[in-house]
């Protein structure tokens, strides 16, 4: 029989095998960002519509020189083309053909010689809501991510740092996962990339699309990357702007509009085949002058006209009157709409335009088709339906009269082909959408519409609407003002939320209503808008039978993305801690809580006027504290509330947050100023944010909040707080519960008792934080900290010295080991977590490891101690094996099943 020591040997061996993967994973987590591949994925979906275009790029070595450049060239290859000529589609074709396994990957292999060729890509996109997609900061992050993802051995080189050239921030990220996006400047990110390129074992071909989306900063980035290493060469695309021509004229290049006439003609033939307009394909391709978008729009005009029965002469006349320029064509298409549409306009284009421009800080370029559909309906009837609820006859009739294919045709036609509809991948997320119950839902047609989003066909269409005077005139002809359009979109998004359960949408408080509500100006806010927001909260309360202390907040608000193996939480998560008061109703708690998170000043002002007079100060206090805990800081919002505050009044608040397993709640009665100070702590602790806007907010909070606190001591009063989590969860500050003790639901949490002197915060920053006691996860009671341990924790916390911070925590646990019971020891190891690392118990010693090593340890204990029946060497390990069996995670990883009853397995 294998000895117990073999278990330890196997465990340590497996951990060593996984170490490099774990380091790489940690770095990838730190670098990745939401929507990193969004633009490229969007292009991939569109390329299929254009068939096998641009294949000539790989055919002729002499004429376009691109295959020769792939095979033996260096430096930069420039693909130049007019707006709408198909540059992004061509870049996508190149990417798919020269990646590993692609038809022309061998060309890169010949260039790389004995080294490994790899492909890196980045697609700039100006309309993206994510700043990183339209900035060089995103380029640096993405390139670093891709290189580390393709070269596992780089993580070992970074850790060993044998030549001492690893950038400091790169070393830091090895220790703590999930570093803040805002913590890296462009110069730091560039130093990362230069290190990776000069220490890699591969040669890289980089594709960068859309330099003109960013401008000269992207051009400078291309030059910088080219200078970093001879192991990289770059193929980039842009419009033929003078700055790019001047900088890249000596590089091998390709002018796309000189080569794509055959592709355009082929596309036109496919679209017009079998129609009366088929004879005009060559003429369209000739007049397009290399602009695919022009050909696409004109082809659709003739295709629809042929469907309606136009004869040859009429089709020829339609083609003849189409202007050659893109701006002129956009204007022509809008002006030449069906006479019926012109006489009875629908504000589709106005609504889409406003949705893109007036979502406050959101600026999301896609709009759910269902929101657009509802916003274009009779608003009086829609408001009545919102009041009546999801069972309204209005929704029933609308569902009966809606067919998505017909709606798509109508909307695209009325928008003159400037927009398109695509499937909404977010709706397909099982965390958000319940697909299993579709048979039982009553609004089948509206649900189909719910599955799609609308966006502009091309950035040039968006630019035309926002910059051209004739486009502005057309938008104004809809008779819908900016504020009315925003209000319509708010009404529609609330109606969609009310229909949520019937559409299979799990989210009861979606983000869209708050986006549009925050964009409505104070002058345009009305009692009707307040009533609509009230219906949103009333619906959420009804759908969840909502009680804050009983419902995980994530049921009400969640947003995730999946990119490769990484899940992202919304970087602008509304709040990590939610507050409530039992003196307010569930509805009032929701209204003041979420209304304050999103700084809906007109709404909160009206709600304060209507709340019972004896509760007004309480509601204002809740709003003030909750807004301080949100990501959207408005000093005007806080200023309006301050006259209502009674800062020395004792107030009972409930603090709520969610973990992956349960909702947590702590109840605390303290003077209001303590609640306010506690809520503001996260703003005092954002020294790692470099953006100017964040620093302005921090400065305002650091002057505003201490002014509300009574100066009872020379440096102001001291406040005792509970800090849940640690360095990376520093937003989770709460006031200690009235009982002063940890209850059972806090067992899995790591809690610090800390003390802060209010008057010292502005001058000392993190140094004002003093660590008093610590409750490790799993123990459920506090351990006293010495002055030396406090100083070590404080320095680690202040300076971001994650390794020192982690080592201090582990040392504290070991120092108190003899005072812990057997169950406390096992639970401290099982639940223990520090800065993304977990504890294990090997050969009588507690070690701190990453998540993958922890899983390996669990699997080893389960396999050797349970499946193979090897007795545990000590009582702590025996207790841990029992916990592992009850948890079931190791069984599932080892056998690919969720069944935790393993007793049927043969030993």
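Numbering (UniProt numbering), first residue to last: 1 to 907. Even glycine gets a Cβ: it sits at the ideal position worked out from N, Cα and C. Remember, it's a predicted structure, so these values are computed and weren't measured experimentally.
query: Quick one: Cα of residue 849 to Cα of residue 861, how far?; result: 16 angstroms
query: Please return the same chain residues whose Cβ sits closer than 7 angstroms to the Cβ of residue 370, not counting the five positions on each side in sequence.; result: 446, 449, 450 and 496
query: For residue 809, name the three-state secondary structure that DSSP assigns.; result: helix
query: When DSSP builds the beta bridges, which residues end up paired with residue 454?; result: 367 and 421
query: Skipping 5 residues on each side, what residues in its chain have a beta carbon closer than 8 angstroms to that of residue 54?; result: 86, 89, 90, 93, 260 and 263
query: Return the chain-ordered list of same chain residues with a C-beta closer than 7 angstroms to the C-beta of residue 285, the five sequence neighbours on each side being excluded.; result: 261, 264, 265, 268 and 295
query: When the Cα atoms are used, what is the spatial distance from residue 632 to residue 154?; result: 38 angstroms
query: Within 10 angstroms of the Cβ of residue 607, are there 16 or more other Cβ atoms? Answer buried if so, exposed if not.; result: buried
query: Where does residue 581 land, buried or exposed, given buried means 16+ other C-beta within 10 angstroms?; result: buried
query: Decide yes or no for the touch test of the segment 516-531 against the segment 405-417: beta carbon pairs closer than 8 angstroms, at least 3 of them.; result: no
query: Please confirm whether residue 771 and residue 752 have their CB atoms less than 7 angstroms apart.; result: yes
query: Can you tell me whether residue 817 is buried or exposed, with buried defined as 16 or more other CB within 10 angstroms of its CB?; result: exposed
query: For residue 782, which three-state DSSP category applies?; result: coil
query: Mapping the DSSP letters down to three states, classify residue 664 as helix, strand or coil.; result: strand
query: Where residue 863 and residue 831 are concerned, what is the direct C-alpha to C-alpha distance, given to the nearest angstrom?; result: 20 angstroms
query: What first and last residue would you give for the beta strand (DSSP E) that runs through residue 652?; result: 650-658
query: Going by beta carbon distance, what residues of the same chain come within less than 7 angstroms of residue 793, once the five residues before and after it are set aside?; result: 771, 805 and 808
query: Need the endpoints of the beta strand (DSSP E) that residue 628 sits in, please.; result: Not the beta strand (DSSP E): residue 628 falls in the alpha helix (DSSP H), residues 616-628.
query: When burial is assigned at 16 or more other CB atoms within 10 Å of the CB, is residue 502 buried or exposed?; result: buried
query: Under three-state DSSP, which class holds residue 699?; result: helix
query: Thinking C-beta only, is residue 540 closer than 7 angstroms to residue 509?; result: yes
query: I'd like the span of the alpha helix (DSSP H) that includes residue 402, first residue to last.; result: Here residue 402 belongs to no alpha helix (DSSP H), and DSSP marks it neither H nor E.
query: Report the rounded CA-to-CA distance for residue 463 versus residue 396, giving the unit in angstroms.; result: 38 angstroms
query: What does residue 770 pair with, by DSSP beta-bridge criteria?; result: 755
query: Contact between the segment 186-196 and the segment 133-150 is defined here as three or more beta-carbon pairs at a separation below 8 angstroms; is this criterion met?; result: yes
query: Suppose the cutoff is 6 angstroms on Cβ atoms and the five residues either side in sequence are ignored; what does the same chain contact list for residue 756 look like?; result: 719, 768 and 769
query: Pick from 638, 723 and 643: whose alpha carbon is nearest that of residue 678?; result: 723
query: Helix, strand or coil for residue 671 per DSSP?; result: strand
query: Along the chain, where does the alpha helix (DSSP H) that runs through residue 831 open and close?; result: 822-831
query: Starting from residue 117, trace the beta strand (DSSP E) both ways and give me its first and last residue.; result: 116-123
query: Taking 8 angstroms as the threshold, find out whether the segment 229-242 comes into contact with the segment 207-218 through three or more Cβ pairs.; result: yes
query: If we ignore side chains and look at the alpha-carbon of each, how far apart do residue 168 and residue 112 end up?; result: 31 angstroms
query: Answer yes or no: do residue 455 and residue 366 have a C-beta to C-beta separation smaller than 7 angstroms?; result: yes
query: Among all the DSSP beta bridges, which residues are the ones paired with residue 255?; result: 80
query: So residue 604 packs on residue 596, CB below 8 angstroms; how close in whole Å?; result: 6 angstroms
query: Between residue 748 and residue 822, which are expected to be in contact by the criterion C-beta below 8 angstroms, what is the C-beta distance as a whole number of angstroms?; result: Going by Cβ atoms, the distance from residue 748 to residue 822 rounds to 19 angstroms, so no, they are not a contact pair.
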